[in-house]
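Read the structure below first, then the notes.
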Amino acid sequence: MTKKTLSNIRNFSIVAHIDHGKSTLADRLIQMTGTVTDREMTEQLLDSMDIERERGITIKAQTVRLVYNAKDGQQYILNLIDTPGHVDFAYEVSRSLAACEGSLLVVDASQGVEAQTLANVYQAIDNDHEIIPVLNKVDLPAAEPDRIREQIEDVIGIDASEACMISAKTGLGVDTVLEAIVEKLPAPEGDPDDTLKAMLVDSWYDTYLGVMVLVRVINGSLKKGQKVKMMGTGAAYDVDRVGVMTPKFMQVDELQAGEIGVITGSIKEVADTRVGDTITLEKKPCAEALPGFKPAQPVVFCGLFPVDANDFEDLRAAMGKLRLNDASFSYEMETSAALGFGFRCGFLGLLHLEIIQERLSREFNLDLIATAPSVVYEMTMTDGAEIDLHNPADMPDVVKIDEIREPWIRASIMTPDEFLGGILKLCQERRGIQVDLSYVGSRALVAYDLPLNEVVFDFYDRLKSISKGYASFDYQISDYRAGDLVKMSILVNEEPVDALSVLVHRSQAERRGRAMVEKLKDLIPRHMFKIPIQAAIGGKVIARETLSALRKDVTAKCYGGDATRKRKLLEKQKAGKKKMRQFGKVEIPQEAFIQALKMDD
């Protein structure tokens, strides 16, 4: 490949906040370059999972190769990577950006810059990207393109005077985007004659071809039959196929410097292909590896248990299959007295948790119970040992613990001015510490330090309801800080239910405990005996509700006669109830678990 054709390649990704139109714009670009016939074209073509299509969100970053005949008469190869907008999948965005030289920054012309627009665009700037601002949805009556242009310049600090004005839905102005990509984005740099050096951008599992590896070739070229080596893991593989995604896999002879494509080569597990690894020739490796990425760190943990204990092996198999396609999802086996055998799973956030849970129940027909989501705590013991605590039920004896540290996040929240009071109050309730407050036009940008533990439950839902859906939220994990944390257990009929135990801050314990027992009182069906429901810290009960017993009217057939007959029957019933309570098992239905774990004020 000569320098001339290298200059005809453009690698770019689309970054934006959720719902600002990334996937729809990708659809139009695919359509206008004739990559897919009209018959094959569907809405959100790159969102291949059912859940993505139903929820209208992108979970996995997808790539597609477009061939564009520009107005200057030349043919260009455009490699587009469509990225997710959700904070849970931010690592998907970061590695996609590393494979590109430029980004289209899509901003909704009616809503303007949001919290994740900022987070994603700063990631693009950190990767030295050339950025083309695109204002989408200009055909809406509420669109204010001029105001949003100024907002982009004020908030992000990039020149938006030549921003493309488009409507991705109708296709208006999309041709200007294609021309801007060709004119403004830099061509990739690389030496086609040097030894092979390629970056592993992503990998997924295909039932027929095994693990497919998305690579960005930096130097040299990749051909079928080469023996390549992963520099991070040291493993070597033979390349079976080389191809590009159009969105379907299409075989090509070779991939050269600057190109993005897919290779397969008898790789068994996605876990063997570390994202950010450097691929080079086994016989003639390149001098140094690429910097790579930090592996995705799970921040939220929860236990998943099958409702029917016989489904345990099916659940294990299903998790193995999901892990094939999602290396950021981790799991290990655990047992629980109340729920039997199951798995402790790690996720990148609550949306990730919800999606994995939904995929398990939908794709593998499993009925699952999930325990309360918790975060990882660091503990220093009195003997100086350091322990990570993933599950509140495993908490060691309090006297052996010197201090407990919990993860804190730096959250940035953008909100219209009128909701600011309610949002500040919410953050204060969640033990937040305000760091900064600035204004962008009529919108406030608040920075808060918050304990992740408080955000995990329902912070996002509460934020959306307080702001009527207008506030946007983004966060990074900042550090671990010591806190006065206690383990709160829930006892039903004086038996601890380990699935409901949580670590809470001492100041919040009573409020949380009371809310939990009141909720359970409504959720657990009445039994033939009286059931006490208690929340306790150690041996001290901090809240209690009693569920009254179902009773049969044993005196119904006594008409008149001596009162002692009635008393005798009642005493007999009372003794029976007492005995029942001693041996009776309280069945807590699945719905009660799920509802009890959803905390709201």
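The numbers in my numbering rise by one with no breaks, and the one at position 300 of the sequence shown is 352.
Virtual Cβ for every residue (Gly too), placed ideally from N, Cα, C.
Check, Outcome
"Backbone secondary structure at tyrosine 174 - three-state DSSP", "helix"
"Beta-carbon gap between cysteine 479 and proline 425 smaller than 7 Å", "no"
"N-terminal and C-terminal residue of the alpha helix (DSSP H) that asparagine 60 is part of", "Taken as a continuous stretch (DSSP letters only), asparagine 60 belongs to no alpha helix (DSSP H), as it is neither H nor E."
"Proximity test, aspartate 605 beta-carbon vs the ligand FMN heavy atom, cut-off 6 Å", "This structure does not include the ligand FMN; it has no bound ligands of any sort."
"Classification of serine 11 by the beta-carbon crowding that lies within 10 angstroms, buried from 16 upward", "The structure shown does not extend to residue 11, since the chain spans only 53 to 653, so no value can be given for it."
"Best match in Gln349, Val352, Lys516, Cys397 for proximity to glycine 372 [C-alpha to C-alpha]", "Cys397"
"With 16 other Cβ atoms within 10 Å as the buried cut-off, status of tyrosine 120", "buried"
"Check whether serine 464 and alanine 499 have beta carbons under 7 Å apart", "yes"
"Given 8 Å, three or more beta-carbon pairs between the stretch 381-395 and the stretch 449-456", "no"
"Valine 538 burial status per 10 Å Cβ neighbour count (16 or more: buried)", "buried"
"Presumed contact (8 Å Cβ cut-off) between aspartate 501 and valine 487, rounded CB distance", "6 Å"
"Residues that DSSP places opposite proline 548 in a beta bridge", "Leu543"
"Boundaries (first-last residue) of the alpha helix (DSSP H) holding phenylalanine 357", "No alpha helix (DSSP H) holds phenylalanine 357; the beta strand (DSSP E) holding it covers 352-358."
"Contact the stretch 511-521 vs the stretch 563-572: 3+ CB pairs below 8 Å", "no"
"Cut-off 6 Å between Cβ atoms - residues of its own chain near leucine 230, not counting five sequence neighbours on either side", "Tyr120"
"Length of the line joining the Cα atoms of glutamate 365 and alanine 250", "39 Å"
"Contact under 7 Å by Cβ, valine 296 with valine 304", "yes"
"Limits of the unbroken alpha helix (DSSP H) element including aspartate 79", "74-84"
"Limits of the alpha helix (DSSP H) - the one that alanine 567 falls within", "558-575"
"Where the beta strand (DSSP E) containing tyrosine 532 begins and where it ends", "524-534"
"Contacts around glutamate 334, its chain only, beta-carbon distance under 8 Å, and the 5 residues preceding and following it disregarded", "Lys279, Val280, Lys281, Ala288"
"C-alpha gap between serine 413 and threonine 259, whole angstroms", "20 Å"
"Contacts around glutamate 458, its chain only, beta-carbon distance under 6 Å, and the 5 residues preceding and following it disregarded", "Tyr429, Pro503, Asn505, Gly535"
"Contact the stretch 267-277 vs the stretch 306-316: 3+ CB pairs below 8 Å", "yes"
"Segment limits, alpha helix (DSSP H) that includes leucine 472", "472-481"
"Residue nearest to serine 380 in terms of C-alpha spacing, selected from Arg462, Ile408, Gly394, Leu621", "Ile408"
"Cβ-based burial, isoleucine 542 [other Cβ within 10 Å; buried from 16]", "buried"
"Whole beta strand (DSSP E) elements within the stretch 299-335, 3-residue minimum", "300-303, 306-308, 312-316, 330-333"
"Euclidean distance between Cα positions of arginine 603 and aspartate 446", "38 Å"
"Bridge partner(s) assigned by DSSP for cysteine 397", "Cys354, Tyr383"
"Exposure of isoleucine 485, with buried meaning 16 or more beta-carbon neighbours within 10 Å", "exposed"
"Nearest-angstrom Cβ-Cβ length linking isoleucine 200 and leucine 187, presumed shorter than 8 Å", "6 Å"
"8 Å contact criterion, which serine 162 and alanine 212 should meet: CB distance rounded", "Serine 162 to alanine 212, Cβ: 16 Å. No contact."
"Exposure of aspartate 99, with buried meaning 16 or more beta-carbon neighbours within 10 Å", "Confidence at aspartate 99 is low in this model, with a pLDDT of 46, below 50, so its placement is unreliable and the value that follows should be read with caution. Its Cβ being crowded by 16 or more others within 10 Å, aspartate 99 is buried."
"Residue nearest to glutamine 83 in terms of C-alpha spacing, selected from Val226, Ser59, Ile177", "Val226"
"Given methionine 217 as reference, the closest of Val265, Met264, Leu157 once Cα atoms are compared", "Leu157"
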